[in-house]
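Undergrad:
Numbering (full-length UniProt numbering), first residue to last: 1 to 364.
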């Protein structure tokens, strides 16, 4: 007689037997439930951002423990650590010249520990570094991030160099984990400490994304106005969503592997096509959303019939981009993450976010 299954195992088995559309729906519902719980439990949403930085620091601490205890860097991506150090250094510079708060101290700590990890991989543990597996071309991410930063950056009163630098670190952070996922794909096995580290990045990214989404909901879109005009406000939110769904695959397989107490074999699929598709999706969606928001700001000058047509065209672009990007996503979790992000943007449009009637009149 078989022993009764534990509730978690029974639910997991039931979910695996469901068709892909049901799995995608359950993933979207789970994400929404998590956001509702965070909104009810965490009253100061800035704490979510601090928690995200703290979880990131915990992940780096796991790497340090691995390097010191096992004296090997096998399975780690030096390129991913270098990308992390770059965006942390740029963000730290921007934090000093634009704002100075608790995030500055957290970034300083994360940069110091990341630099130590890079030093250990490059010099002390060079013999165990899998250079042939760490073959993700950095120009696939650095180049598009630099171009996007030049084209789309905050429209604040700060110096143009500082605004471009801030945009660059936001975009680079969104894709900095791609080289690490490529190493995992190439090696076909995942070392436990590395798995814990990447999972910590996924949790940190979810908390950061939840912070921005809840802030926008609580302010009914006024936060987008505070971030500036044009494409930049949408780009900040979409960067968070993109980084979340990039890590969604790994987190799904990580939790799934815990059920069987096996962290060594995780089926990860990440490609340059997915990375470039993310950038294309971000850019096209922001253009459509900016056009729609501009129309809302001037809606006194646009007839109701024209507004309906514009709204239909923008939502059509959202759906087309989602279907295109879904082709390059390798699991329903990724597709659900992208889909929930698009549904959120469309909902913002239906609620006349980011501008209210009064603000619209003042801006004209």
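Beta carbons: idealized from backbone N, C-alpha and C, even for Gly. Keep in mind it's a predicted model, so treat the numbers as computed, not measured.
Assign residue 143 to one of two classes, buried (16 or more other C-beta atoms within 10 Å of its C-beta) or exposed (fewer than that).
TA: As a first step, residue 143 must be located in the chain shown, where it is residue number 143. Classification for residue 143: exposed.
Undergrad: Classify residue 99: buried if its beta carbon has 16 or more other beta carbons within 10 angstroms, exposed otherwise.
TA: Taking the first residue of the chain shown as position 1, residue 99 is located at position 99. It counts as exposed.
Undergrad: Please report the distance separating the alpha-carbon of residue 79 from that of residue 180.
TA: Mapped onto the chain shown, residue 79 falls at position 79. Mapped onto the chain shown, residue 180 falls at position 180. So the two alpha carbons sit approximately 8 angstroms from each other.
Undergrad: Using only CA atoms, which one of 66, 160, 75, 57 lies nearest to residue 112?
TA: As a working note, residue 112 is residue 112 in the chain shown. Nearest of 66, 160, 75, 57 to residue 112, Cα basis: 57.
Undergrad: I'd like to check one pair, residue 137 with residue 152: are the Cβ atoms closer than 8 angstroms?
TA: As a working note, residue 152 is residue 152 in the chain shown. As a working note, residue 137 is residue 137 in the chain shown. In this structure, residue 137 does not lie closer than 8 angstroms to residue 152 by Cβ.
Undergrad: Quick check: the Cα distance between residue 64 and residue 117, rounded to an integer number of angstroms?
TA: Within the chain shown, the letter at position 64 stands for residue 64. Within the chain shown, the letter at position 117 stands for residue 117. Roughly 7 angstroms separates the two Cα atoms.
Undergrad: I'd like the ranges of any beta strand (DSSP E) spanning at least 3 consecutive residues and lying wholly in the segment 125 to 212.
TA: For the segment 125 to 212, not a single whole beta strand (DSSP E) run of length 3 or above is found.
Undergrad: When the Cβ atoms of the segment 154 to 171 are set against those of the segment 181 to 191, are three or more pairs found closer than 8 angstroms?
TA: Short answer: they don't touch.
Undergrad: In angstroms, rounded to a whole number, what distance separates the CA positions of residue 236 and residue 170?
TA: Locating residue 236 in the chain shown gives position 236, counting from the first residue. Locating residue 170 in the chain shown gives position 170, counting from the first residue. Rounded to whole angstroms, residue 236 to residue 170 spans 7 angstroms at the Cα level.
Undergrad: Is it buried or exposed for residue 40, if we count other Cβ within 10 angstroms and need 16 for buried?
TA: Here residue 40 refers to the residue found at position 40 of the chain shown. Residue 40 should be labelled exposed.
Undergrad: Rounded to a whole number of angstroms, what is the C-alpha to C-alpha distance between residue 17 and residue 10?
TA: Looking up residue 17 in the chain shown gives position 17. Looking up residue 10 in the chain shown gives position 10. The alpha-carbon atoms of residue 17 and residue 10 are separated by roughly 11 angstroms.
Undergrad: How far does the alpha helix (DSSP H) with residue 117 in it extend, from its first residue to its last?
TA: Residue numbering aside, residue 117 sits at position 117 when the chain shown is read from its first letter. Unbroken alpha helix (DSSP H) run through residue 117: 102 to 119.
Undergrad: How close, in whole Å, do the beta carbons of residue 172 and residue 86 come, if the pair is a contact with beta carbons under 8 angstroms?
TA: Numbered from its first residue, the chain shown carries residue 172 at position 172. Numbered from its first residue, the chain shown carries residue 86 at position 86. Going by Cβ atoms, the distance from residue 172 to residue 86 rounds to 6 angstroms, so yes, they are a contact pair.
Undergrad: For residue 120, count neighbouring Cβ atoms within 10 angstroms of its own Cβ and tell me buried if that reaches 16, exposed if not.
TA: Sequence index remark: in the chain shown, residue 120 carries index 120 (1-based). Classification of residue 120: buried, given that the 10 Å Cβ count is 16 or more.
Undergrad: Do you know offhand how far residue 49's Cα is from residue 72's?
TA: Start at 1 with the first residue of the chain shown, and residue 49 comes out as number 49. Start at 1 with the first residue of the chain shown, and residue 72 comes out as number 72. Computed Cα separation, rounded: 32 angstroms.
Undergrad: Report yes if the C-beta distance between residue 52 and residue 211 is below 8 angstroms; otherwise report no.
TA: Position 52 of the chain shown holds residue 52. Position 211 of the chain shown holds residue 211. Against a cut-off of 8 angstroms, the Cβ pair of residue 211 and residue 52 comes out as a contact.
Undergrad: Sorted by chain position, which residues of the same chain lie with C-beta nearer than 8 angstroms to residue 62's C-beta, five sequence neighbours on each side aside?
TA: As a first step, residue 62 must be located in the chain shown, where it is residue number 62. Same-chain partners within the cutoff: 193, 196, 197, 200.
Undergrad: Given residue 108, which residues of its chain have a CB within under 8 angstroms of its CB, disregarding the five upstream and five downstream residues?
TA: As a working mapping, residue 108 is identified with position 108 in the chain shown. So the qualifying residues of the chain are 92.
Undergrad: Any idea what DSSP makes of residue 218, helix, strand or coil?
TA: On the chain shown, position 218 is the one that residue 218 refers to. Note: residue 218 maps to helix in three-state DSSP.
Undergrad: Could you tell me how far apart the beta carbons of residue 368 and residue 55 are, in whole angstroms, since I believe they sit closer than 8 angstroms?
TA: The question about residue 368 has no answer here: the residues shown for the chain are numbered 1 through 364.
Undergrad: Given residue 404, which residues of its chain have a CB within under 6 angstroms of its CB, disregarding the five upstream and five downstream residues?
TA: Only positions 1 to 364 of the chain appear in this structure, which leaves residue 404 out of reach.
Undergrad: Once the 5 residues before and after residue 149 are set aside, which same chain residues still bring their CB inside 7 angstroms of it?
TA: Position 149 of the chain shown, counting from 1, holds the residue named residue 149. For residue 149, where only same-chain residues beyond five positions count, the Cβ hits under 7 angstroms are 164, 167, 168, 171.
Undergrad: For residue 158, which option in 208, 94, 174 has the closest C-alpha, if you only look at C-alpha atoms?
TA: To locate residue 158, count along the chain shown from 1; it is residue 158. Residue 94 is the option with its Cα nearest to residue 158.
Undergrad: Whole angstroms is fine: what's the gap from residue 241's alpha carbon to residue 175's?
TA: Within the chain shown, the letter at position 241 stands for residue 241. Within the chain shown, the letter at position 175 stands for residue 175. Rounded to whole angstroms, residue 241 to residue 175 spans 11 angstroms at the Cα level.
Undergrad: Report the option in 81, 178, 246, 29 whose CA atom is closest to the CA atom of residue 114.
TA: Taking the chain shown and counting its residues from 1, one reaches residue 114 at position 114. For the residues 81, 178, 246, 29, the minimum Cα distance to residue 114 belongs to 81.
Undergrad: Beta-carbon within less than 8 angstroms of residue 125's beta-carbon, same chain only, minus the 5 sequence neighbours each way: which residues are those?
TA: Here residue 125 is taken as the residue at index 125 of the chain shown, counted from 1. So the qualifying residues of the chain are 67, 71, 72, 73.
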